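Be aware that the sequence shown starts at 11, since it is given in our numbering, and climbs by one per residue.
Positions of the beta carbon are idealized from the N, C-alpha and C atoms, including for glycine.
For clarity, every value in this text was computed on a predicted model and none was experimentally measured.
Here the structure comes first, spelled out in structure tokens, and everything after it is commentary.
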Amino acid sequence: MDCTASTLRTEHGNIAKIAIIIDNATWHNKLTPESEPPKRAWKKESVVEWLTARKIKFETYMTKAELIPLAFNHLPPKEFIVDKIANKYDIEIVRIPVKHCVLNPIELAWAGLKNYRVAGGMWS
Numbered sequence: 011m012d013c014t015a016s017t018l019r020t021e022h023g024n025i026a027k028i029a030i031i032i033d034n035a036t037w038h039n040k041l042t043p044e045s046e047p048p049k050r051a052w053k054k055e056s057v058v059e060w061l062t063a064r065k066i067k068f069e070t071y072m073t074k075a076e077l078i079p080l081a082f083n084h085l086p087p088k089e090f091i092v093d094k095i096a097n098k099y100d101i102e103i104v105r106i107p108v109k110h111c112v113l114n115p116i117e118l119a120w121a122g123l124k125n126y127r128v129a130g131g132m133w134s
């Protein structure tokens, strides 16, 4: 993404408004390490480390079952890696709503290509 954003900004200059349209695929929605929440599968030591790194107060005698809700009550705001990179290059990210792949231009292009192929225009 960094390479794509950099290339777009270089080719279109600093004045142009650039938007990248993405769907909600998992790889588009990876959180930055700073905003990643703790996992329930983590061991107690990992949860304690997560809380300590964020300066969240807790008692040492607390169990993992008590620490997890505490951590979830202090979650940082979600920050996606894609958004962070796009902001660096002044590019807007537009996300297609979940289950609305028909709004994705690439899906329309694929549908057109498939129809062309069925009509005998390609690979016949």
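I'd like to know whether the C-beta atoms of residue i and residue j end up nearer to each other than 8 Å.
i       : j       : result
Ile-30  : Ile-103 : yes
Glu-89  : Thr-42  : yes
His-38  : Arg-64  : no
Ile-25  : Leu-18  : no
Asp-33  : Ile-95  : no
Pro-79  : Trp-60  : no
Ile-106 : Asn-97  : no
Out of the options, which has the shortest C-alpha to C-alpha gap to residue i?
i      : options                             : result
Lys-74 : Val-128, Pro-47 and Ala-51          : Ala-51
Glu-46 : Ala-129, Phe-82, Ile-66 and Lys-124 : Phe-82
Ser-16 : Lys-94, Asp-33, Glu-76 and Tyr-99   : Tyr-99
Pro-87 : Ala-129, Glu-44 and Thr-70          : Glu-44
Evaluate residue i with the Cβ neighbour count: other Cβ atoms within 10 Å of its Cβ, from every protein chain shown; 16 or more gives buried, anything less gives exposed.
i       : result
Ala-35  : exposed
Val-92  : buried
Leu-123 : exposed
Val-108 : exposed
Leu-118 : exposed
Give the range of the beta strand (DSSP E) segment to which residue i is assigned.
i       : result
Arg-105 : 101-105
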